[in-house]
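Position one of the sequence shown corresponds to residue 33 (my numbering), numbered consecutively onward. First up is the structure itself, then whatever we jot down about it.
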Amino acid sequence: MLFTKRFLNKEPVVKLLINRHNNKYSYTNTSDDNLLKNVELFDKLSLRFSGRVLFIKDVIGSNEICCWSFYGHGRKVAEVCCTSIVYATDKKHTKVEFPEARIYEETLNILLYENRNGPDMDLMQATSTRGAVAMGTTYTSDDEDDRRTPGSSSRESRDSCHLNRIRNTKQTS
């Protein structure tokens, strides 16, 4: 009942699919440690964000060995799979990785979906490396627009604006 009520409110969801036994190849030397690190990080995040994000650990069974899924407003926003097949000279091995930074990044991004009717596109673009590159839009302040000279190219002008911003940041630090 609690799961249904929270999910219908479209609370952000982090789901860890973990199935140690679903493997037809042997694991690499570091796979067991990395599998445990993924479980420990899930437990740590679920304690830290328990009131803000719904955390689901699926151990029942699936085709995946270790995969993180992130949901916002009832739809999948991102996925981080931790397994790959490594081809050795004698046989194939399953490698389990621990992409800690990426898991933290997606967990923080999913917080953008809490208590909102829809994602704030300006906030999404500002916090997403993929969004900023994909949209190709740059924002400048009125002061930066005034500094641009009519004869310079847009790239030179943009580069000088970035340099000025860096200089200003260093001076205020």
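By construction, the Cβ of each residue, glycine as well, lies at the ideal position given by its N, Cα and C atoms.
Check                                                                                            : Outcome
From Leu73, Tyr57 and His53, residue whose alpha carbon lies closest to that of tyrosine 136     : Leu73
Same chain, Cβ closer than 6 Å to serine 184, five either side skipped, listed in chain order    : Model confidence at serine 184 stands at a pLDDT of 47, short of 50, so the residue's coordinates are unreliable; what they give is reported in the following sentence. Nothing listed; no residue qualifies.
Residue span of the beta strand (DSSP E) that contains arginine 80, given as start and end       : Here arginine 80 belongs to no beta strand (DSSP E); instead the alpha helix (DSSP H) covers 63-80.
Bridge partners - histidine 53, DSSP secondary structure assignment                              : Looking at the DSSP assignment, histidine 53 forms no beta bridge with any residue, so it has no partner.
Cβ pair count under 8 Å reaching 3, the segment 71-87 against the segment 111-125                : no
Beta strand (DSSP E) segment containing glutamate 111, residue limits                            : 107-113
Per DSSP, cross-strand counterpart(s) of aspartate 154                                           : Answer by DSSP bridge pairing: none, since aspartate 154 is not bridged.
Assigned exposure category for threonine 181 - 16 Cβ within 10 Å defines buried                  : With a pLDDT of only 47 at threonine 181, under the threshold of 50, the placement of this residue in the model should not be trusted; the figure read from the coordinates follows. Looking at its Cβ environment, which holds fewer than 16 other Cβ atoms inside 10 Å, threonine 181 is exposed.
Limits of the unbroken beta strand (DSSP E) element including tyrosine 103                       : 98-104
Backbone secondary structure at threonine 126 - three-state DSSP                                 : strand
Same chain, Cβ closer than 6 Å to isoleucine 88, neighbours up to 5 away in sequence not counted : Lys47
Distance, glutamine 157 Cα to tyrosine 145 Cα                                                    : 13 Å
Under the three-state DSSP convention, the category isoleucine 92 falls into                     : coil
Among Leu143, Ile97 and Ser116, nearest to tyrosine 103 - alpha-carbon criterion                 : Leu143
Leucine 140: first and last residue of the uninterrupted alpha helix (DSSP H) it sits in         : 132-142
Alpha-carbon to alpha-carbon, histidine 53 and leucine 94                                        : A quick correction: the sequence has serine, not leucine, at residue 94. About 10 Å.
For tyrosine 119, the residue or residues it bridges with in DSSP                                : Lys124
Check whether valine 112 and glutamate 138 have beta carbons under 8 Å apart                     : yes
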